[in-house]
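A.B. asks: Quick one: the structure is below, questions incoming.
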Amino acid sequence: MSESAIEARSVQRVYGSTRALIDANLVVAPGEIHALLGENGAGKSTLVRILAGLEQPDGGSVTVFGTPMSRASVADRTGRGMSVIHQDLGLVEALSVADNIALGARYPTRFGLVTSERVRRQAREALALLEIELDVDRPVAELSPAEQAIVAIARALRVGARLIVLDEPTARLHAGEVRVLFARLDRLRKAGVACLLITHRIDDVLRVCDRVTVMRDGRSVGMRDAKELDRDELVSLIVGRETTTAHSPTRSRSAPGSTALEVRELGGFGYGPVSFSVGEGEIVGLTGLADAGHNQVALSISGGLPAARGSIEVDGVSCVFGSERDAIRHGVRYVPADRLVDGLAQYMTAAENLFLAGPQRGVWVRRGKERRAARRALEQFGVRPPEPDREINTFSGGNQQKVLLARSFLHGPRVLVLHEPTAAVDVGARYDIYQLLRRRCAADHCGGLVVTSDLEEAAGLCDRVIVMRAGRVVAELSGDELELESVTQLAYGGTI
Numbered sequence: 018m019s020e021s022a023i024e025a026r027s028v029q030r031v032y033g034s035t036r037a038l039i040d041a042n043l044v045v046a047p048g049e050i051h052a053l054l055g056e057n058g059a060g061k062s063t064l065v066r067i068l069a070g071l072e073q074p075d076g077g078s079v080t081v082f083g084t085p086m087s088r089a090s091v092a093d094r095t096g097r098g099m100s101v102i103h104q105d106l107g108l109v110e111a112l113s114v115a116d117n118i119a120l121g122a123r124y125p126t127r128f129g130l131v132t133s134e135r136v137r138r139q140a141r142e143a144l145a146l147l148e149i150e151l152d153v154d155r156p157v158a159e160l161s162p163a164e165q166a167i168v169a170i171a172r173a174l175r176v177g178a179r180l181i182v183l184d185e186p187t188a189r190l191h192a193g194e195v196r197v198l199f200a201r202l203d204r205l206r207k208a209g210v211a212c213l214l215i216t217h218r219i220d221d222v223l224r225v226c227d228r229v230t231v232m233r234d235g236r237s238v239g240m241r242d243a244k245e246l247d248r249d250e251l252v253s254l255i256v257g258r259e260t261t262t263a264h265s266p267t268r269s270r271s272a273p274g275s276t277a278l279e280v281r282e283l284g285g286f287g288y289g290p291v292s293f294s295v296g297e298g299e300i301v302g303l304t305g306l307a308d309a310g311h312n313q314v315a316l317s318i319s320g321g322l323p324a325a326r327g328s329i330e331v332d333g334v335s336c337v338f339g340s341e342r343d344a345i346r347h348g349v350r351y352v353p354a355d356r357l358v359d360g361l362a363q364y365m366t367a368a369e370n371l372f373l374a375g376p377q378r379g380v381w382v383r384r385g386k387e388r389r390a391a392r393r394a395l396e397q398f399g400v401r402p403p404e405p406d407r408e409i410n411t412f413s414g415g416n417q418q419k420v421l422l423a424r425s426f427l428h429g430p431r432v433l434v435l436h437e438p439t440a441a442v443d444v445g446a447r448y449d450i451y452q453l454l455r456r457r458c459a460a461d462h463c464g465g466l467v468v469t470s471d472l473e474e475a476a477g478l479c480d481r482v483i484v485m486r487a488g489r490v491v492a493e494l495s496g497d498e499l500e501l502e503s504v505t506q507l508a509y510g511g512t513i
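Be aware that the sequence shown starts at 18, since it is given in the working numbering, and climbs by one per residue.
Printed below as a string of structure tokens:
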């Protein structure tokens with residue numbers, strides 16, 4: 018039997034009183050696409066940091082192509098052919114494709130001099146390994162998310178990667194871009210490169226992966242061939258109970274209260290006119306494909322992208338939002354799509370992130386009181402572990418999202434705009450978040466607007482769904498007509 022690309026055996030990691038990893042095991046073979054799955058808090062993020070060399074284990078072993086790596090550095094792992102591509106991709110958006118590849122692979126020189134033509138040639142050769150052509154002089158900021166991911170992979174290949182770890186590579190991609198990315202990964206598989214995929218998209222796993230390792234509560238609970246599993250079996254393995262509805266919330270059966278948000282003939286760059294309302298305690302979905310215009314509407318309602326025309330009313334009062342601060346003053350809170358870039362301060366604690374705006378109503382002035390208030394909020398929103406002094410970047414994605422939600426509800430919003438609320442969140446935490454939203458919106462008499470390109474999420478969570486296409490509203494669905502098939506048909510240009 019050939020040596021494994023990477024092998025982790027009985028890996029343990031302890032943070033104070035929290036045992037993040039108890040018995041983590043993983044074996045990835047050369048030339049396979051292997052998925053690492055588990056609920057948020059299962060230990061995936063901790064294991065990936067250890068595999069990447071960013072943290073050292075408290076027990077167990079890690080080998081890369083047969084070489085012990087438990088105490089080795091990131092550079093040592095790179096030397097053995099391992100490359101880790103994190104969610105943020107590690108690209109410099111202001112620089113060109115060629116310069117980004119050179120930053121990772123080193124600038125090619127001749128007689129100690131760097132020439133632009135050699136830099137371009139190196140980039141073109143790296144992209145050719147993936148059978149893709151891009152303008153290597155183009156700034157990375159102008160590329161689509163899928164193209165940016167491909168540049169990151171090309172950079173890894175240029176330094177000789179034989180094992181690539183991809184952390185949530187499809188989190189920002191729509192369906193068409195996901196297919197493009199997976200076609201490139203399939204080519205890597207055929208070339209003998211191993212890919213470890215950390216993802217929450219179960220359908221993608223079943224479609225493209227060879228094997229799956231599932232973690233739960235710091236332990237590896239199973240490694241299975243993907244072709245032997247169906248969706249329900251895999252969900253049950255992840256959440257630890259038999260279920261066919263762990264990924265589907267229950268819609269509210271009560272009638273909404275008075276109107277919290279009224280949008281009339283709203284229009285701006287890439288969308289309009291758009292009209293809809295959201296009642297107290299109601300969750301309304303605004304959905305469509307990635308370019309449908311719903312993302313711009315979310316930003317306009319929350320003050321991030323001022324509208325050019327139309328009106329917004331909160332509790333019957335006409336509002337003009339020139340900034341997010343204006344929206345906040347009128348009771349509109351925004352939960353951004355990218356929690357790490359726009360929502361959280363990564364190197365601050367959970368408590369500090371909860372109270373970034375300062376003490377609420379003069380109540381939490383002393384540090385002790387603030388910590389106790391933070392712990393209560395973390396416990397109420399199911400954050401694991403509920404440790405106020407823990408840095409936010411050590412929490413899993415789902416728990417980070419719960420901290421964001423807790424912060425938003427601390428301010429008693431009248432309207433909560435949730436932009437891709439479960440992006441890069443596993444199936445179990447996704448269900449928890451749905452239940453939290455349902456319960457808190459009802460209890461706080463808050464109107465919830467879920468803006469998402471996840472059509473299944475829109476159809477399953479929301480009381481009503483507004484479907485957009487090419488910048489305009491094409492339908493509003495509710496009751497018995499609100500089914501995933503109907504939402505999908507309308508989003509892709511069909512009729513019902």
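Beta carbons: idealized from backbone N, C-alpha and C, even for Gly. Since the model is a prediction, treat every value here as computed from it, not as a measurement.
1) What's the gap between the Cα of Gly379 and the Cα of Gly333?
2) Return helix, strand or coil for Thr230, following the three-state DSSP convention.
3) Thinking C-beta only, is Pro403 closer than 8 angstroms to Ala211?
4) Let's see if you can read the secondary structure: which residues bound the alpha helix (DSSP H) around Ile170?
5) Helix or strand or just coil, what does DSSP make of Ala562?
6) Quick one: grab the DSSP three-state call for Ala115.
7) For Thr276, which residues from the same chain have a beta carbon less than 6 angstroms from its beta carbon, with the 5 sequence-adjacent residues on both sides left out?
8) Am I right that Val136 and Pro125 are in contact with their C-beta atoms under 8 angstroms? What's the rounded C-beta distance?
9) Looking at Ala178: is its Cβ nearer than 8 angstroms to the Cβ of Ser90?
10) For Gln139, report the span of its beta strand (DSSP E) as first-last.
11) In this structure, how does DSSP classify Tyr32 when only helix, strand and coil are distinguished?
12) Using beta-carbon positions only, say whether His462 and Gly298 come within less than 8 angstroms of one another.
13) With C-beta atoms as the reference, is Ala508 less than 8 angstroms away from Leu472?
14) Can you tell me whether Val400 is buried or exposed? The criterion is at least 16 other CB atoms within 10 Å of its CB, across all chains shown.
15) Could you tell me whether the Cβ atoms of Gly415 and Val442 are closer together than 8 angstroms?
16) Can you list, in chain order, the residues of its chain with a C-beta nearer than 7 angstroms to that of Phe426? Leave out the 5 residues immediately preceding and following it.
17) So if DSSP puts Tyr288 in a beta bridge, which residue, or which two residues, is it bridged to?
18) Could you compute how far the alpha carbon of Leu454 sits from the alpha carbon of Glu498?
19) Would Leu526 pass as a contact of Gln397 if the rule is Cβ separation under 8 angstroms?
20) Exposed or buried, what is Pro430 when buried is set at 16 or more other beta-carbons lying within 10 Å of its beta-carbon?
21) If you draw a straight line from the alpha carbon of Ile345 to that of Ser335, how long is it in whole angstroms?
22) What residues in its chain sit with their C-beta under 6 angstroms from that of Val182, if we drop five residues either side in the sequence?
23) Buried or exposed for Ala309, please, with buried defined as at least 16 other CB atoms from any protein chain shown within 10 angstroms of its CB.
24) With Gly302 as the anchor, note down where its beta strand (DSSP E) starts and where it stops.
25) Taking Cβ positions, are Met240 and Gly60 nearer each other than 8 angstroms?
26) Is the separation between the beta-carbon of Ile50 and that of Val168 shorter than 8 angstroms?
27) I need the boundaries of the alpha helix (DSSP H) containing Asn220, first residue and last residue.
28) Please tell me whether Arg94 and Gly121 are closer than 8 angstroms, where the distance is taken between their beta carbons.
29) For Ala487, does the three-state DSSP call read helix, strand or coil?
30) Less than 8 angstroms separating the beta-carbons of Arg26 and Gly77?
C.D. replies: This is what the structure holds:
1) For the purposes of this step, residue 379 is taken as residue 362 along the sequence shown, with counting starting at 1. For the purposes of this step, residue 333 is taken as residue 316 along the sequence shown, with counting starting at 1. Its pLDDT being 47, under 50, Gly379 is placed unreliably by the model, and nothing is read from it.
2) On the sequence shown, position 213 is the one that residue 230 refers to. Here Thr230 sits in strand by DSSP.
3) In the sequence shown, counting from the first residue as 1, residue 211 sits at position 194. In the sequence shown, counting from the first residue as 1, residue 403 sits at position 386. No, the pair does not count as a contact, with Cβ atoms beyond the cut-off.
4) Position 153 of the sequence shown, counted from the start, is the residue given in the question as residue 170. If you look at Ile170, you'll find it in the alpha helix (DSSP H) that goes Pro162 to Arg175.
5) This structure cannot settle anything about residue 562, because the visible part of the chain is limited to 18 through 513.
6) As a first step, residue 115 must be located in the sequence shown, where it is residue number 98. Helix.
7) To locate residue 276, count along the sequence shown from 1; it is residue 259. So the qualifying residues of the chain are Ser294 and Gly296.
8) By 1-based counting over the sequence shown, the position of residue 136 is 119. By 1-based counting over the sequence shown, the position of residue 125 is 108. With 8 angstroms as the limit, Val136 and Pro125 qualify as a contact, their Cβ atoms being about 6 angstroms apart.
9) What you label residue 178 is simply residue 161 of the sequence shown in a count that begins at 1. What you label residue 90 is simply residue 73 of the sequence shown in a count that begins at 1. With respect to the 8 angstroms criterion, Ala178 and Ser90 are not classified as neighbours on the basis of their beta carbons.
10) For the purposes of this step, residue 139 is taken as the residue at position 122 of the sequence shown. Unbroken run through Gln139 is the alpha helix (DSSP H), Ser133 to Ala145; no beta strand (DSSP E).
11) To locate residue 32, count along the sequence shown from 1; it is residue 15. In the structure shown, Tyr32 sits in a strand (DSSP, three-state: E or B).
12) As a position in the sequence shown, residue 462 is number 445, starting the count at 1. As a position in the sequence shown, residue 298 is number 281, starting the count at 1. Cβ distance < 8 angstroms, so His462 and Gly298 count as in contact.
13) Looking up residue 508 in the sequence shown gives position 491. Looking up residue 472 in the sequence shown gives position 455. Yes, they are a contact pair.
14) Walking along the sequence shown from the start, residue 400 turns up at place 383. The residue in question, Val400, is buried, as its Cβ has 16 or more Cβ neighbours within 10 Å.
15) Position 398 of the sequence shown, counting from 1, holds the residue named residue 415. Position 425 of the sequence shown, counting from 1, holds the residue named residue 442. The Cβ atoms of Gly415 and Val442 sit closer than 8 angstroms to each other.
16) On the sequence shown, position 409 is the one that residue 426 refers to. Around Phe426: Arg457 and Asp461.
17) The residue you call residue 288 lines up with position 271 of the sequence shown. When DSSP reads this structure, Tyr288 sits in a beta bridge with Gly285.
18) Numbered from its first residue, the sequence shown carries residue 454 at position 437. Numbered from its first residue, the sequence shown carries residue 498 at position 481. Using only the alpha carbons, I get a separation of about 23 angstroms.
19) Given a span of 18 to 513 for the chain in the structure shown, any question on residue 526 remains unanswerable.
20) Position 413 of the sequence shown holds residue 430. Buried is the call here.
21) Within the sequence shown, numbered from 1, the residue matching residue 345 stands at position 328. Within the sequence shown, numbered from 1, the residue matching residue 335 stands at position 318. It is roughly 14 angstroms from the alpha-carbon of Ile345 to the alpha-carbon of Ser335.
22) Here the question's residue 182 lines up with position 165 in the sequence shown. Correct list, in chain order: Val101 and Leu213.
23) Numbered from 1 along the sequence shown, position 292 holds the residue referred to as residue 309. Buried.
24) To locate residue 302, count along the sequence shown from 1; it is residue 285. Ile300 to Thr304 is the extent of the beta strand (DSSP E) around Gly302.
25) Against the sequence shown, residue 240 aligns to sequence position 223. Against the sequence shown, residue 60 aligns to sequence position 43. No, the Cβ-Cβ distance between Met240 and Gly60 is not below 8 angstroms.
26) Position 33 of the sequence shown, counted from the start, is the residue given in the question as residue 50. Position 151 of the sequence shown, counted from the start, is the residue given in the question as residue 168. The criterion of a C-beta distance shorter than 8 angstroms is not satisfied by Ile50 and Val168.
27) For the purposes of this step, residue 220 is taken as residue 203 along the sequence shown, with counting starting at 1. Before going on, a small fix: residue 220 reads as Asp here, not Asn. Counting along the chain, the alpha helix (DSSP H) containing Asp220 begins and ends at Ile219 to Val225.
28) Taking the first residue of the sequence shown as 1, we reach residue 94 at position 77. Taking the first residue of the sequence shown as 1, we reach residue 121 at position 104. With respect to the 8 angstroms criterion, Arg94 and Gly121 are not classified as neighbours on the basis of their beta carbons.
29) Taking the first residue of the sequence shown as 1, we reach residue 487 at position 470. Three-state result, Ala487: coil.
30) The residue given as residue 26 occupies position 9 in the sequence shown. The residue given as residue 77 occupies position 60 in the sequence shown. Annotated as proximal: Arg26 and Gly77, with beta-carbon spacing under 8 angstroms.
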